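Asker: This is the structure, below, for whatever I ask next.
There are 4 protein chains.
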Amino acid sequence: MEKINKNVLNHVITQRNPQSYKGNYGKILIIAGSTHFGGAAILCSSAAIHSGAGLVTLATTPEKFTAVNVQIPEAMTIDYSQKNELAQAIKSNDVIAIGPGLGTSSIAKGVVKAALNLTTENQTLILDASALTIIAEQQLALETKANIIMTPHQGEWQRLSHLPIHEQNEKNNREQLQKLNPNAVLILKKHLSEIYYQNQTFQIQAGNPGMATGGMGDTLTGIMAGFVGQFGYSLETVSAALLIHSLIADKLYKENYVVLPSKIITKLPKYMKKFSQTK
Amino acid sequence: MEKINKNVLNHVITQRNPQSYKGNYGKILIIAGSTHFGGAAILCSSAAIHSGAGLVTLATTPEKFTAVNVQIPEAMTIDYSQKNELAQAIKSNDVIAIGPGLGTSSIAKGVVKAALNLTTENQTLILDASALTIIAEQQLALETKANIIMTPHQGEWQRLSHLPIHEQNEKNNREQLQKLNPNAVLILKKHLSEIYYQNQTFQIQAGNPGMATGGMGDTLTGIMAGFVGQFGYSLETVSAALLIHSLIADKLYKENYVVLPSKIITKLPKYMKKFSQTK
Amino acid sequence: MEKINKNVLNHVITQRNPQSYKGNYGKILIIAGSTHFGGAAILCSSAAIHSGAGLVTLATTPEKFTAVNVQIPEAMTIDYSQKNELAQAIKSNDVIAIGPGLGTSSIAKGVVKAALNLTTENQTLILDASALTIIAEQQLALETKANIIMTPHQGEWQRLSHLPIHEQNEKNNREQLQKLNPNAVLILKKHLSEIYYQNQTFQIQAGNPGMATGGMGDTLTGIMAGFVGQFGYSLETVSAALLIHSLIADKLYKENYVVLPSKIITKLPKYMKKFSQTK
Amino acid sequence: MEKINKNVLNHVITQRNPQSYKGNYGKILIIAGSTHFGGAAILCSSAAIHSGAGLVTLATTPEKFTAVNVQIPEAMTIDYSQKNELAQAIKSNDVIAIGPGLGTSSIAKGVVKAALNLTTENQTLILDASALTIIAEQQLALETKANIIMTPHQGEWQRLSHLPIHEQNEKNNREQLQKLNPNAVLILKKHLSEIYYQNQTFQIQAGNPGMATGGMGDTLTGIMAGFVGQFGYSLETVSAALLIHSLIADKLYKENYVVLPSKIITKLPKYMKKFSQTK
Numbered sequence: 001m002e003k004i005n006k007n008v009l010n011h012v013i014t015q016r017n018p019q020s021y022k023g024n025y026g027k028i029l030i031i032a033g034s035t036h037f038g039g040a041a042i043l044c045s046s047a048a049i050h051s052g053a054g055l056v057t058l059a060t061t062p063e064k065f066t067a068v069n070v071q072i073p074e075a076m077t078i079d080y081s082q083k084n085e086l087a088q089a090i091k092s093n094d095v096i097a098i099g100p101g102l103g104t105s106s107i108a109k110g111v112v113k114a115a116l117n118l119t120t121e122n123q124t125l126i127l128d129a130s131a132l133t134i135i136a137e138q139q140l141a142l143e144t145k146a147n148i149i150m151t152p153h154q155g156e157w158q159r160l161s162h163l164p165i166h167e168q169n170e171k172n173n174r175e176q177l178q179k180l181n182p183n184a185v186l187i188l189k190k191h192l193s194e195i196y197y198q199n200q201t202f203q204i205q206a207g208n209p210g211m212a213t214g215g216m217g218d219t220l221t222g223i224m225a226g227f228v229g230q231f232g233y234s235l236e237t238v239s240a241a242l243l244i245h246s247l248i249a250d251k252l253y254k255e256n257y258v259v260l261p262s263k264i265i266t267k268l269p270k271y272m273k274k275f276s277q278t279k
Numbered sequence: 001m002e003k004i005n006k007n008v009l010n011h012v013i014t015q016r017n018p019q020s021y022k023g024n025y026g027k028i029l030i031i032a033g034s035t036h037f038g039g040a041a042i043l044c045s046s047a048a049i050h051s052g053a054g055l056v057t058l059a060t061t062p063e064k065f066t067a068v069n070v071q072i073p074e075a076m077t078i079d080y081s082q083k084n085e086l087a088q089a090i091k092s093n094d095v096i097a098i099g100p101g102l103g104t105s106s107i108a109k110g111v112v113k114a115a116l117n118l119t120t121e122n123q124t125l126i127l128d129a130s131a132l133t134i135i136a137e138q139q140l141a142l143e144t145k146a147n148i149i150m151t152p153h154q155g156e157w158q159r160l161s162h163l164p165i166h167e168q169n170e171k172n173n174r175e176q177l178q179k180l181n182p183n184a185v186l187i188l189k190k191h192l193s194e195i196y197y198q199n200q201t202f203q204i205q206a207g208n209p210g211m212a213t214g215g216m217g218d219t220l221t222g223i224m225a226g227f228v229g230q231f232g233y234s235l236e237t238v239s240a241a242l243l244i245h246s247l248i249a250d251k252l253y254k255e256n257y258v259v260l261p262s263k264i265i266t267k268l269p270k271y272m273k274k275f276s277q278t279k
Numbered sequence: 001m002e003k004i005n006k007n008v009l010n011h012v013i014t015q016r017n018p019q020s021y022k023g024n025y026g027k028i029l030i031i032a033g034s035t036h037f038g039g040a041a042i043l044c045s046s047a048a049i050h051s052g053a054g055l056v057t058l059a060t061t062p063e064k065f066t067a068v069n070v071q072i073p074e075a076m077t078i079d080y081s082q083k084n085e086l087a088q089a090i091k092s093n094d095v096i097a098i099g100p101g102l103g104t105s106s107i108a109k110g111v112v113k114a115a116l117n118l119t120t121e122n123q124t125l126i127l128d129a130s131a132l133t134i135i136a137e138q139q140l141a142l143e144t145k146a147n148i149i150m151t152p153h154q155g156e157w158q159r160l161s162h163l164p165i166h167e168q169n170e171k172n173n174r175e176q177l178q179k180l181n182p183n184a185v186l187i188l189k190k191h192l193s194e195i196y197y198q199n200q201t202f203q204i205q206a207g208n209p210g211m212a213t214g215g216m217g218d219t220l221t222g223i224m225a226g227f228v229g230q231f232g233y234s235l236e237t238v239s240a241a242l243l244i245h246s247l248i249a250d251k252l253y254k255e256n257y258v259v260l261p262s263k264i265i266t267k268l269p270k271y272m273k274k275f276s277q278t279k
Numbered sequence: 001m002e003k004i005n006k007n008v009l010n011h012v013i014t015q016r017n018p019q020s021y022k023g024n025y026g027k028i029l030i031i032a033g034s035t036h037f038g039g040a041a042i043l044c045s046s047a048a049i050h051s052g053a054g055l056v057t058l059a060t061t062p063e064k065f066t067a068v069n070v071q072i073p074e075a076m077t078i079d080y081s082q083k084n085e086l087a088q089a090i091k092s093n094d095v096i097a098i099g100p101g102l103g104t105s106s107i108a109k110g111v112v113k114a115a116l117n118l119t120t121e122n123q124t125l126i127l128d129a130s131a132l133t134i135i136a137e138q139q140l141a142l143e144t145k146a147n148i149i150m151t152p153h154q155g156e157w158q159r160l161s162h163l164p165i166h167e168q169n170e171k172n173n174r175e176q177l178q179k180l181n182p183n184a185v186l187i188l189k190k191h192l193s194e195i196y197y198q199n200q201t202f203q204i205q206a207g208n209p210g211m212a213t214g215g216m217g218d219t220l221t222g223i224m225a226g227f228v229g230q231f232g233y234s235l236e237t238v239s240a241a242l243l244i245h246s247l248i249a250d251k252l253y254k255e256n257y258v259v260l261p262s263k264i265i266t267k268l269p270k271y272m273k274k275f276s277q278t279k
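Chains as they are written, first to last, in full-length UniProt numbering: chain A, 1 to 279; chain B, 1 to 279; chain C, 1 to 279; chain D, 1 to 279.
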């Protein structure tokens with residue numbers, strides 16, 4: 001299992017071309033949130049915006065639009081219960097991240113199916129949280145031609161892989177991932193999170209127990225979406241997103257007993273700047 | 001009456017185990033807020049999250065969900081008028097804090113009764129504000145097997161104990177507490193607040209008159225819930241929660257004529273970090 | 001015309017008694033806001049809270065409750081279209097401030113009449129903005145036994161006094177004030193604002209043109225309510241409230257081209273602390 | 001093509017007259033926002049307020065009022081679907097900025113037509129975003145006697161001018177602008193944005209690729225409105241607004257990988273102060 005080197009951040013976070021436009025930095029669709037889990041959608045979208053995504057649209061339930069407008073006025077919103085509108089958005093964005101706070105209602109199930117069915121090559125589909133639960137429960141096949149990134153924690157991975165946590169070792173995880181989709185990337189969130197892709201495995205050397213709080217995973221998903229939108233889908237991009245999330249948290253943990261997701265988010269532009277300048 | 005020593009903070013606020021997860025830091029249910037008292041629910045939940053609680057769910061009236069999503073995106077929300085959903089939440093959380101801004105409507109009364117009826121051993125039930133008023137008015141028995149912490153101010157304690165404020169001395173308070181529930185902890189909020197538990201009494205040596213403002217008690221309740229969720233129910237934990245609330249307020253009071261609850265809340269992670277490091 | 005001396009701030013802003021409670025610092029009712037002017041209600045209530053008022057209730061239209069809960073969780077809210085509830089609130093608070101963003105709807109008119117009819121001695125009634133417009137248009141008599149403070153700008157004073165701005169001199173203003181209510185305090189907001197009370201006139205020596213922006217008057221009204229609630233109704237209290245508002249603005253104006261009301265509000269606790277310490 | 005010199009900021013941003021009032025700094029009407037694009041309206045209005053506009057009214061859809069009250073309590077709101085109310089507002093304000101997040105619904109179309117029809121000389125009409133799209137699609141004539149400022153990015157300019165981006169050179173742009181309205185100002189937003197007015201062309205020497213993010217144009221429109229409201233309509237005012245937006249962004253870009261619009265907005269009062277002091 002290879003360690004992820006901090007240099008990946010210097011490689012991935014490139015200096016921006018002076019002659020560039022919003023469209024160069026990714027069109028991101030976040031499909032997230034539900035009546036009882038509104039904050040997850042906000043954290044995820046805010047993380048995408050603060051990580052530099054060009055254009056971020058949040059597909060959520062309309063009752064959350066006000067909170068989104070307040071917290072992240074830079075984001076656009078659509079109603080994910082409007083099927084045609086959602087389908088159009090899935091087809092026209094570069095990166096689709098689905099799951100944070102989505103819940104497992106019948107609408108949520110339809111939305112997950114739409115994301116799996118309507119994405120195609122040249123798109124990246126990030127599956128997180130409720131989306132993974134729905135895929136496991138509904139035994140949905142991951143047949144999209146889009147690049148797939150899954151970001152389960154150990155409990156979600158158990159539901160997907162049928163591996164109890166104590167059997168979640170490198171060999172077993174790799175085998176189960178191959179069965180789900182041989183080209184998907186798996187980010188297994190845990191103490192020293194791991195990345196699986198085909199026959200490769202990487203481990204992060206950062207993170208801390210102050211991150212053990214609600215909303216932390218939603219934030220990672222947003223950063224992941226923002227990074228893929230800007231830097232393109234690659235193992236390096238995925239590693240960089242995972243790493244910067246934990247590195248900022250480690251910095252905050254030096255002075256804070258608990259690391260709140262919203263604090264990580266606001267630090268993103270400054271940390272990314274630093275890594276973009278040191279080559 | 002014993003003085004609470006600051007060392008309690010160093011004892012209680014332990015360094016976190018690197019291999020730990022959200023579930024290790026408590027599942028907290030805050031039952032709070034109503035149409036006219038929405039802010040109390042927000043302050044209480046925010047305090048719990050900033051004190052490091054692993055997972056915080058706020059049961060409130062749905063009209064408050066937007067404000068919650070904006071102010072504390074890390075929190076989940078449920079509608080406390082949905083009886084089954086509320087019952088499930090009461091049963092499945094480790095700490096239930098009830099009362100801030102709850103009001104005394106018939107829904108509120110039903111909610112308080114549910115909390116008293118459905119909690120069991122290995123849970124902690126924190127009773128504050130409107131919950132105490134309802135218990136006094138409805139003469140509800142405190143028969144739950146959960147650990148009970150009550151946090152009245154002197155007026156609320158008068159309603160509960162039938163002791164006029166000038167008769168609220170150590171002996172009388174102890175006697176009345178024994179009648180209400182011989183194993184309950186009483187935190188009597190006043191100038192130099194006191195903690196009663198069985199035949200023990202403790203007094204805080206902190207606090208200031210800049211804290212005499214709305215929302216201060218709601219904030220204490222949230223910290224109490226967060227501390228019990230992380231550090232377990234004990235007299236030391238209760239003392240530490242009470243003390244850190246006033247110590248942060250004292251620090252703020254040096255530079256502020258009035259100490260707003262929301263400022264105390266944002267300082268929690270830094271102060272807790274300091275106490276976790278000095279043993 | 002006497003100049004207001006800065007020493008008034010040291011006199012008025014007393015150090016708080018360690019053994020004091022929320023109730024010692026005033027129960028304030030702000031009656032403000034309407035569909036199109038929601039921000040005025042928020043700024044006014046927030047100013048009252050940041051100036052140290054013990055308990056602040058905002059009577060407004062319910063559609064504003066969410067914004068209030070987000071911006072000032074320390075405030076309670078009631079619906080001013082509920083006549084009985086409003087009447088009860090008017091009777092049970094120490095200071096009633098009415099007018100910011102209230103508008104001139106028929107509900108607003110009823111609310112202003114209720115404030116004039118239901119307040120009694122030992123209360124202070126602060127009349128601002130739309131309340132003054134309604135009083136002028138409806139030719140309402142100021143017959144309450146409460147202490148009255150009016151805070152018009154020159155246009156509002158013209159409507160009340162029938163004095164065109166160029167005739168608003170010391171002698172005329174005093175005469176017209178006597179006709180409206182011989183015991184009322186008039187704060188005439190302008191470049192170098194003036195205070196009129198019976199045969200006395202005072203002028204402020206602070207303020208700047210960066211304050212020429214929306215919401216500035218609403219903020220003054222909130223500070224006035226907070227000061228009277230804490231320090232009692234007196235000419236000194238009124239002068240201190242008027243002065244600290246402009247002094248903080250002058251400090252901000254040194255580094256800001258425009259002085260936003262919300263920035264003044266957040267500076268209140270620190271400035272009040274300084275004046276409380278220098279005697 | 002002339003370069004815009006930084007000195008324009010010192011010329012335009014004058015020191016305020018001590019004897020001045022809100023009315024001296026412009027009455028601004030922002031017509032912006034729709035169900036799915038609420039944030040654009042907030043950013044635009046907030047930028048106008050932070051740039052020092054005297055009074056800002058946001059005409060939007062009522063479902064956005066709560067978010068506006070939270071984010072910019074200094075702003076007033078009206079419902080743009082109320083035709084009479086909107087018409088009155090268009091007639092009574094000095095500067096009307098229309099378009100950010102407005103969308104292209106039939107209501108939006110009616111609103112754009114109202115702005116074109118009801119504005120007259122001595123007013124300035126700023127056309128941005130959706131308003132430009134509607135004008136292009138509906139082939140609306142720019143026949144108002146108000147001063148016109150258009151702020152398209154290259155795609156919007158293509159729709160208006162029928163010039164593909166690679167044909168958008170100085171000569172062609174000038175010709176097409178003459179056809180649309182010979183007295184209008186065109187601000188063409190791109191890498192090194194350009195200003196066209198009659199036979200003059202100016203180019204900005206500031207800006208950076210960190211600005212390539214959602215909401216950046218909405219913010220410029222708000223600053224433009226605030227500047228015209230305070231400093232009067234002139235090419236110098238327009239240049240100054242365009243320049244300060246990018247200069248602040250350049251400063252932020254030194255420490256931030258992406259420059260969020262909301263951060264530019266909060267820096268406006270300080271930067272304007274500096275330029276007002278260096279002559």
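C-beta atoms are modelled at their ideal positions from N, C-alpha and C, and glycine is treated no differently. Being a predicted model, the structure only gives us computed values, none of them experimental.
1) Against chain D, with Cβ distances strictly below 8 Å, would Asn24 (chain A) count as a contact?
2) Could I get the ranges of all uninterrupted beta strand (DSSP E) runs contained in the stretch 110-149 of chain B, with 3 residues as the minimum, in chain order?
3) Less than 8 Å between CB atoms is the rule here; does Ser262 (chain D) satisfy it with respect to chain C?
4) Do the stretch 46-59 of chain D and the stretch 215-231 of chain D make contact, defined as three or more Cβ pairs closer than 8 Å?
5) Grouping DSSP H, G and I as helix and E and B as strand, with all else coil, what is Thr57 (chain D)?
6) Would a C-beta distance cut-off of 8 Å place Gly33 (chain C) and Gly110 (chain C) closer than the cut-off?
7) Is the beta carbon of Thr119 (chain A) less than 8 Å from the beta carbon of Ile90 (chain A)?
8) Looking at the C-beta of Gly54 (chain C), does it have a partner C-beta in chain B at a distance below 8 Å?
9) Can you give me the start and stop residues for the alpha helix (DSSP H) that Asp218 (chain D) sits inside?
10) Quick one: which chain D residues come within Cβ less than 9 Å of Ser20 (chain A)?
11) Thr237 (chain A) lies in the alpha helix (DSSP H); which residues open and close that run?
12) Whose Cβ in chain B lies nearer than 7 Å to the Cβ of Ala67 (chain A)?
13) Between B:Ile98, B:Lys113 and B:Lys83, which has its C-alpha nearest Leu140 (chain B)'s C-alpha?
14) By DSSP, does Leu192 (chain B) sit in helix, in strand, or in coil?
15) Using a cut-off of 9 Å between C-beta atoms, extract the partners of Ser46 (chain C) located in chain B.
16) Exposed or buried, which one is Asn173 (chain A) when buried takes at least 16 other CB atoms within 10 Å?
17) What does DSSP give as the partner residue(s) for Thr77 (chain A) in the beta ladder?
18) Residues in the same chain with beta-carbon distance under 8 Å from Gln154 (chain C), minus the five sequence neighbours each way, listed in chain order, please.
19) One question on the structure: do Phe65 (chain B) and Thr77 (chain B) come within less than 8 Å of each other, judged by their Cβ atoms?
20) Taking the alpha carbon of Ser105 (chain D) as the reference point, which residue from D:Leu125, D:Gln123, D:Ile135 and D:Asp94 has its own alpha carbon closest?
Answerer: The structure says:
1) Chain D contact via Cβ: present.
2) Listed in chain order, they are 124-127.
3) Not an interface residue.
4) Contact annotation: the stretch 46-59 of chain D touches the stretch 215-231 of chain D, with at least three C-beta pairs closer than 8 Å.
5) Secondary structure of Thr57 (chain D) (DSSP, three-state): strand.
6) No.
7) Closer than 8 Å, so yes.
8) It does: the Cβ of Gly54 (chain C) has a partner Cβ on chain B nearer than 8 Å.
9) Taken as a continuous stretch (DSSP letters only), the alpha helix (DSSP H) holding Asp218 (chain D) covers Met216 to Phe231.
10) Per Cβ cutoff of 9 Å: His191, Pro209 and Ala212.
11) Element bounds for Thr237 (chain A): Leu235 to Tyr253.
12) Residues of chain B passing the Cβ test: Thr66, Asn69 and Val70.
13) Each of B:Ile98, B:Lys113 and B:Lys83 was checked against the Cα of Leu140 (chain B), and the nearest Cα belongs to B:Lys113.
14) In the three-state scheme derived from DSSP, where H, G and I count as helix and E and B as strand, Leu192 (chain B) is classed as coil.
15) Here the premise fails: no neighbours, minimum Cβ distance about 10 Å.
16) Its Cβ being crowded by 16 or more others within 10 Å, Asn173 (chain A) is buried.
17) BP columns for Thr77 (chain A) point to A:Leu58.
18) Here the set comprises Ile165, Gln168, Leu188, Lys189 and Lys190.
19) Yes, the Cβ-Cβ distance between Phe65 (chain B) and Thr77 (chain B) is below 8 Å.
20) For the residues D:Leu125, D:Gln123, D:Ile135 and D:Asp94, the minimum Cα distance to Ser105 (chain D) belongs to D:Ile135.
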